[in-house]
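Line by line, the protein sequences give chains W and Z.
FYI, my numbering numbers position 3 of the first sequence as 3, with every residue one higher than the one before it.
Convert by adding 1000 to the 1-based position in the second sequence; the result is the number in my numbering.
Using N, Cα and C, we set each Cβ at its ideal position, and we do this for glycine too.
Number of protein chains: 2
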Amino acid sequence: MRYYEDLKVGDRFSGGPLTVTEDDIVGFAARFDPQPFHLDAEAAKGTLFGGLAASGWHTASLTMRMIVGSDTELAGGYIGVGVDSIAWPKPTRPGDRLRVESEVVELRLSGKRPDRGIVRIRTVTLNQADEIVQTMVANLLVPARAAAAAVPA
Amino acid sequence: MRYYEDLKVGDRFSGGPLTVTEDDIVGFAARFDPQPFHLDAEAAKGTLFGGLAASGWHTASLTMRMIVGSDTELAGGYIGVGVDSIAWPKPTRPGDRLRVESEVVELRLSGKRPDRGIVRIRTVTLNQADEIVQTMVANLLVPARAAAAAVPA
């Protein structure tokens, strides 16, 4: 398990792959983003997307799933305090096989809680053709090892 | 239906409410964010969250659901090109009744495609106690009315 002190700028992690079906895309959209271009392959043809496309929130949620299953292994888990940016340069399509590549871009100890660090991580989500379907910069809360050591046994 | 020209800075929209159950929280987490504090009320007690908490991506997805069902009624639907920021000041908890309040903060025509505008919208997601569970600034692609008029009949 990695604590705040075990991480440094430039550390890289990867996760996935994970294949997305048309049923997955339509099922997510029905619950969270019920718009024609996410729900119906036929109706999607006449839209900006030109065919069925996953909700960006579906791509973001699948990205989280791959981060949680990745080789990062952060102590305390993956607790996001927020996101600095997300972009969806291309949509996720039925049958896409996604994977994630993450890199630590900044580290700082919390001002209020010196037993915790904030780790800024850039994660790129790619499809089977190595096209980028999402870029994200997120801030994760990672416990400091010093704090863990200070906890009474 | 609202086109780019129909929107102005300061326009406000609202959506919801929508109630979140423990089953919803656990079901979403099992698929997209399988960590103890999102999966198991008992295990969550000993974590930073102090009890079962929804994944931030669940809160974001529910927010999208309320935006799609809101009174905004954008022509072309709600197509996000990206997100400038998301923060989760408090987690969504089992039984929470959420709602969204959105405000247009910036408007610009696309440089590349003058038939489309980019509308920056700030959306706050609140629970039944009016506590903020999410703030988000997102950029939506909205067709311009001029472009719609130019489409041959």
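Shorter than 8 Å from the beta carbon of residue i to some beta carbon of chain Z?
i, result
"valine 83(W)", "yes"
"valine 105(W)", "no"
"isoleucine 86(W)", "yes"
"glycine 56(W)", "yes"
"valine 133(W)", "no"
"valine 68(W)", "yes"
Please list the partners that residue i has in chain W, where partner means a Cβ-to-Cβ separation under 9 Å.
i, result
"serine 1102(Z)", "Within chain W, no residue comes near serine 1102(Z); the closest Cβ sits about 15 Å away, beyond 9 Å."
"arginine 1078(Z)", "This sequence places tyrosine at residue 1078(Z); arginine is not what is there. Within chain W, the residues near tyrosine 1078(Z) are Asp33, Gln35."
Please list the partners that residue i has in chain Z, where partner means a Cβ-to-Cβ separation under 8 Å.
i, result
"leucine 62(W)", "Phe1032"
"arginine 65(W)", "Arg1031, Phe1032, Asp1033, Pro1034"
Report the residue from the options whose alpha carbon sits nearest the alpha carbon of residue i.
i, options, result
"alanine 29(W)", "Lys1112(Z), Tyr1078(Z), Gly1082(Z), Gly1095(Z)", "Tyr1078(Z)"
"valine 100(W)", "Met1(W), Ala144(W), Gly69(W)", "Gly69(W)"
"alanine 1054(Z)", "Gly1095(Z), Asp1071(Z), Ser1014(Z)", "Gly1095(Z)"
"glycine 1050(Z)", "Ser1061(Z), His1058(Z), Pro1036(Z), Thr1059(Z)", "Pro1036(Z)"
"glycine 76(W)", "Leu98(W), Leu141(W), Thr123(W), Ile86(W)", "Leu141(W)"
"valine 105(W)", "Asp130(W), Asn139(W), His58(W), Glu131(W)", "Asn139(W)"
"valine 81(W)", "Ala1041(Z), Ser1014(Z), Pro1089(Z)", "Pro1089(Z)"
"threonine 1092(Z)", "Leu1107(Z), Lys1008(Z), Asp1023(Z), Arg1012(Z)", "Asp1023(Z)"
"threonine 19(W)", "Val124(W), Arg97(W), Arg12(W)", "Arg97(W)"
"serine 1011(Z)", "Asp1130(Z), Asn1127(Z), Arg1120(Z)", "The sequence as given places aspartate at residue 1011(Z); serine does not occur at that position. Of Asp1130(Z), Asn1127(Z), Arg1120(Z), the residue nearest in Cα terms is Arg1120(Z)."
"valine 1026(Z)", "Glu1042(Z), Ile1067(Z), Gly1016(Z), Lys1112(Z)", "Glu1042(Z)"
"arginine 1122(Z)", "Tyr1003(Z), Phe1032(Z), Val1009(Z)", "Val1009(Z)"
"methionine 66(W)", "Asn127(W), Ala146(W), Asp115(W), Met1(W)", "Asn127(W)"
Does DSSP put residue i in a helix, in a strand, or in coil?
i, result
"glycine 1056(Z)", "helix"
"proline 114(W)", "coil"
"phenylalanine 1013(Z)", "strand"
"proline 1091(Z)", "coil"
"alanine 153(W)", "Interpretation of alanine 153(W) is limited by its pLDDT of 44, a score under 50 that renders its predicted location unreliable; the figure taken from the coordinates is listed afterwards. Correct three-state label for alanine 153(W): coil."
"threonine 63(W)", "helix"
"leucine 1007(Z)", "coil"
"proline 1034(Z)", "coil"
"alanine 29(W)", "helix"
"alanine 42(W)", "The displayed chain sequence assigns glutamate, not alanine, to residue 42(W). Note: glutamate 42(W) maps to helix in three-state DSSP."
"aspartate 1023(Z)", "helix"
"alanine 1146(Z)", "helix"
With 8 Å as the threshold, decide whether the Cβ of residue i is near any Cβ in chain W.
i, result
"leucine 1048(Z)", "yes"
"valine 1026(Z)", "no"
"alanine 1153(Z)", "Confidence is the limiting factor: at alanine 1153(Z) the pLDDT is only 44, short of 50, which leaves the residue's position unreliable, though a coordinate-based value still follows. Not one chain W Cβ lies under 8 Å of alanine 1153(Z)."
I think residue i touches residue j, with their Cβ atoms under 8 Å apart; what is that distance to the nearest whole Å?
i, j, result
"phenylalanine 13(W)", "serine 102(W)", "5 Å"
"methionine 136(W)", "threonine 72(W)", "In fact, because the Cβ distance is near 14 Å, the residues do not count as touching under 8 Å."
"threonine 125(W)", "threonine 59(W)", "6 Å"
Is residue i close to chain A, meaning its C-beta is less than 8 Å from at least one C-beta of that chain?
i, result
"isoleucine 1132(Z)", "Checking the listed chains, one finds no chain A in this structure; the protein chains it contains are W and Z."
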